[in-house]
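Protein chains: 2
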Amino acid sequence: MIDRVLGDIDADLDTALSRLFDWLRIPSISTDPAFKGDCRRAAEWVRGDLEALGFEARLSETSLHPVVIGHLPKPGAPHVLFYGHYDVQPVDPLDLWEVPPFEPRLTELQPGRKVVQARGACDDKGQVMTFLEACRAWKATEGGLPVGLTVLIEGAEEIGSRGLPEWLLANKDELRADVALVCDTGMWDRAVPAITTSLRGLVYREVVVRAANRDLHSGSFGGAARNPIHVLARILADLHDSSGRITLPGFYDGVPETPPEILAQWKGLGLTAENFLGPIGLGVPAGERDRMVIEQIQSRPTCDANGILGGYTGEGNKTVIAGTASTKLSFRLVGDQDPDAIGRTFEAFVRERVPADCSVEILGTGGSRAIQLPYGMPALAKARAALAAEWGSEPVTIGAGGSIPIVGAFKRTLGHATLLVGFGLEDDRVHSPNEKYDLSSFHKGARSWARILEALATG
Amino acid sequence: MIDRVLGDIDADLDTALSRLFDWLRIPSISTDPAFKGDCRRAAEWVRGDLEALGFEARLSETSLHPVVIGHLPKPGAPHVLFYGHYDVQPVDPLDLWEVPPFEPRLTELQPGRKVVQARGACDDKGQVMTFLEACRAWKATEGGLPVGLTVLIEGAEEIGSRGLPEWLLANKDELRADVALVCDTGMWDRAVPAITTSLRGLVYREVVVRAANRDLHSGSFGGAARNPIHVLARILADLHDSSGRITLPGFYDGVPETPPEILAQWKGLGLTAENFLGPIGLGVPAGERDRMVIEQIQSRPTCDANGILGGYTGEGNKTVIAGTASTKLSFRLVGDQDPDAIGRTFEAFVRERVPADCSVEILGTGGSRAIQLPYGMPALAKARAALAAEWGSEPVTIGAGGSIPIVGAFKRTLGHATLLVGFGLEDDRVHSPNEKYDLSSFHKGARSWARILEALATG
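If you read the protein sequences in the order shown, they are chains L and P. The numbering of the first sequence is this note's numbering, which starts it at 4 and goes up by one. The numbering of the second sequence is this note's numbering, which starts it at 4 and goes up by one.
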């Protein structure tokens, strides 16, 4: 039975790609109000595809972009909730893209290695379509799915799933399921699949420092007038000490030590600074000096400025002292770190460093906690076997550095355990120019889901 | 005689303004290659006006924008060289301008106080025209000027007079003069004129730090990958200590202590933090803790970041770690500080703070030394008397925080003493949005020059 389903996926690959390309052409950038209409178009596109698959599907409004919700029940069978998102990251700097970000194409990177290039090729449209193509093959060959299914595709994941928690609360009755599936994570490498069992949390803030009431000529005012760029630089510099630790008081409260046996397993993976940082042109781990690279990216919290802007940044020289400067920055959280407490401590830390005659505005609130999924959940063992069968390699159980806000919301609101399986690769340039998704991820990803659906149907 | 000249300036004011407006409409931004043609148009405009005044004038090429040079000799009379510039600063951020920067208009700020609003209204088109209008009135009423005159208007002052020193050297023979006049400085306040006798030097650099070979997703790489924004923040934070002193080794070599009698005079001027910083919305002097505000802006060297850019700076959140970040910054020099030595020390200071797997590019070279003009030059006494007669107030002798590269070049290349008289005001927003020039500066500035020309003609 599964062989027929897998054979259909193989035979249908070109058509599957053209469906994905149609979706990728819609610039559904959720953070930018200019693309609000495109976000809705991307949502309508999924709704149409779900209806073609036999789902009863609709758009449902949130405070921002609509979610797409579709149901295809199967009485007597386990019920599964699948989650993905149709929104994508902004594309700037546009001049670094080798192809226009919303004109997807299939490129042969090297002999035998084809990739889909486009914004969203991996995150998350490509990943979502691996699942929907698996469903399509089940329907085409077996007349239906082996499980009951609810599909939820949201449009604000890239901006912290704004509006979704409230929507989940209001619609929790129609989201009942035995297990939730999320396809927004990565493989260990091109040959070895992975199941993600922990996710870092996130606190994101923008700090705007205002000094003089206008930009000043540094010749007239330099020396006496406060420079807000220097105020920001001091704040950012003070956030780390010379050993790479974050200096916010109480920041490490709730950060667990990784058990020795897990550390030993991680050591065995052979993730060195050279092989992790080498491909991105770096070689010296930037985090805490006494931690392995794999700890720095998986089990330790971080702080990174994501952007900074102030003064004259055009061509040539301008001797100006800016009136205003701003930075966006984020903390990745682990274990039991409390995003609200860290937000408060950070605000105090910033305010202490702003001179009396300047003002500061801190934008953003709240944040998401880190997530640890139960190792003993039955779906985990089933997915592990299905992935091993598809890839010929035992999947690795990993922690992910990024956060997927929905996972916490699922747990809090619906009580679901969530299974995180995805086929992204480290060089997919998710959130960067030239995002891509390997054709092997797309093709074998769909085959993997076909197998996982079969596995979840069995008791 | 002088009364007829002054009367002509009074009678001709409206026409003089319309001439200035014509010039201001040309967006001669020298730093931006997109405005290269406009720079040439602005040069042609001056050449035309000089010819209308009876000068033999031409454009002469430099390595960048052309200079305008005009001669009107008067055998037997002292010969004067007047310098100004036709180029202007960039106008960004454009959305902060109350009027389009190249559509000049006359606005009544408060009853009886009219100002010309436009980029270049003060710096330096408005200031240059005070001098040319004085010449026009002499010619209209007396048939000619009381002195021989060479006028040199360059087009790269706002970018450090690039190309001019070489041009001066190649054309020094036709620049011989008894004294040089520069109109690019300010008054003490709206009622009290000033003669500037010292100018701070300038070292300007851009620092580009490159870390990863592409922008990274902070969820995947955060903690292990070096963030170039943090590298820059550390460099900027390290440049000042907690007392406001600049930490570059040897930076204060050659900085003279101001003589006690001058300090006493400065104290008497009553320039407090409140009245200097209050109008720009500040109140706490940012410079060295143990120095008066007037020292911080006149006699002490400074270091200011003029711009910074890195990562995501658009609307909303993006969890990216930038591959590259950059800052522009400048040092203002005093006394005998050596711009080349400071440039070298700064470069070493930066390179020490760039991690081994990152690279840094430092753009810009050289710089200008600070200038101290001789207190005993005869032209100084003559200008002082002329200004006192016009304004009814003894002029103040001040140091200026900004640098005017030409003054050093004049001294080195031509051996000229230079008299710096100008009518700018502290709230002119030179280099900022909403630049303006008081109508009183324009009108009484022209009258002042008419008087100074008369004074310089006498032995």
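Backbone N, C-alpha and C fix where the C-beta goes; we use that ideal spot for every residue, glycine too.
Boundaries of the beta strand (DSSP E) harbouring Ser329/P: 327 to 336, taken from the DSSP string.
The beta carbons of Leu428/L and Gly115/L sit no closer together than 8 Å. When the five nearest sequence neighbours on each side are left out, the beta carbons in the same chain lying within less than 7 Å of the beta carbon of Ile232/L are those of Gly313, Gly314, Ala325, Ala328, in order along the chain. For the pair Val399/L and Ile374/L, the Cα-to-Cα distance works out to about 18 Å. At a cut-off of 8 Å between beta-carbon atoms, Asn309/L makes contact with chain P. The C-alpha of Lys175/L is placed about 10 Å away from the C-alpha of Phe413/L. Closest in C-alpha terms to Phe105/P, from the list Glu111/P, Asp98/P, Gln120/P, comes Gln120/P.
Of all residues in the stretch 85 to 109 of chain P, only Gln92, Pro93, Asp95, Pro96, Leu99 place a beta-carbon less than 9 Å from a beta-carbon of chain L. Cβ-Cβ distances below 8 Å link Ala14/P to nothing in the same chain once the five nearest sequence neighbours on each side are left out. Cβ-Cβ distances below 6 Å link Ile156/P to Val49, Val71, Gly87, Tyr89 in the same chain, with the five nearest sequence neighbours on each side left out; the list follows chain order. Under the DSSP assignment, Ser362/L falls in the beta strand (DSSP E) whose first and last residues are 362 to 366. At least one CB of chain P lies nearer than 8 Å to the CB of Asn320/L.
A direct Cα-to-Cα measurement between Asp244/P and Val357/P gives close to 19 Å. Using a CB distance cut-off of 8 Å, Pro436/L counts as an interface residue toward chain P. For the pair Asp293/L and Gly146/L, the Cα-to-Cα distance works out to about 56 Å.
Taking 8 Å as the cut-off, the beta carbon of Val118/L is found closer than this to the beta carbon of Lys439/L. Put simply, the CB of Gln130/P is far from chain L, with every gap to its CB atoms at 8 Å or more. By the Cβ neighbour-count rule, Pro288/L is buried, with 16 or more other Cβ atoms within 10 Å of its own. Distances from the CA of Arg213/L to each of Ile283/P, Lys270/P, Lys128/P were compared; the closest alpha carbon is that of Ile283/P. At the C-beta level, Ser333/L and Tyr255/L stay beyond 8 Å of one another. Looking from the CA of Cys306/L, the closest CA among Ser21/L, Ala389/L, Leu205/L, Ser164/L belongs to Leu205/L. At a cut-off of 8 Å between beta carbons, Lys331/L contacts chain P. Within the stretch 343 to 393 of chain P, the runs of beta strand (DSSP E) at least 3 residues long that lie entirely inside it are, in chain order, 362 to 366. Look at Ala197/P here: in three-state DSSP terms it is strand. Of all residues in the stretch 422 to 436 of chain L, only Glu429, Arg432, Val433, His434, Ser435, Pro436 come within less than 8 Å of chain P when Cβ atoms are compared, listed by chain position. In this chain, the beta strand (DSSP E) harbouring Phe85/P covers 82 to 88.
With a cut-off of 8 Å on Cβ pairs, the stretch 157 to 173 of chain L is not in contact with the stretch 20 to 29 of chain P, counting fewer than three such pairs. When the five nearest sequence neighbours on each side are left out, the beta carbons in the same chain lying within less than 7 Å of the beta carbon of Asp339/P are those of Gly257, in order along the chain. DSSP, reduced to helix, strand and coil, places Gly166/L outside both helices and strands of the structure shown, so it counts as coil.
Under the Cβ criterion (8 Å, minimum of three pairs), the stretch 132 to 152 of chain P does not count as touching the stretch 376 to 396 of chain P.
Near chain L, meaning a CB-to-CB distance below 7 Å, the residues of the stretch 287 to 310 of chain P are Val287, Pro288, Ala289, Gly290, Val296, Gln299, Ile300, Arg303, Thr305, Asp307, Ala308, Asn309, Gly310. Judged by DSSP secondary structure, Asn309/P falls within the beta strand (DSSP E) whose first and last residues are 305 to 314. Along the stretch 131 to 142 of chain P, none of the residues has a CB nearer than 7 Å to a CB of chain L.
Annotation: Arg354/L to Thr316/P spans about 22 Å, alpha carbon to alpha carbon. For Gly163/L, at least one C-beta of chain P is nearer than 8 Å to its own C-beta.
Fewer than three beta-carbon pairs drawn from the stretch 149 to 166 of chain P and the stretch 386 to 396 of chain P are found closer than 8 Å, and the two stretches are therefore not classed as touching.
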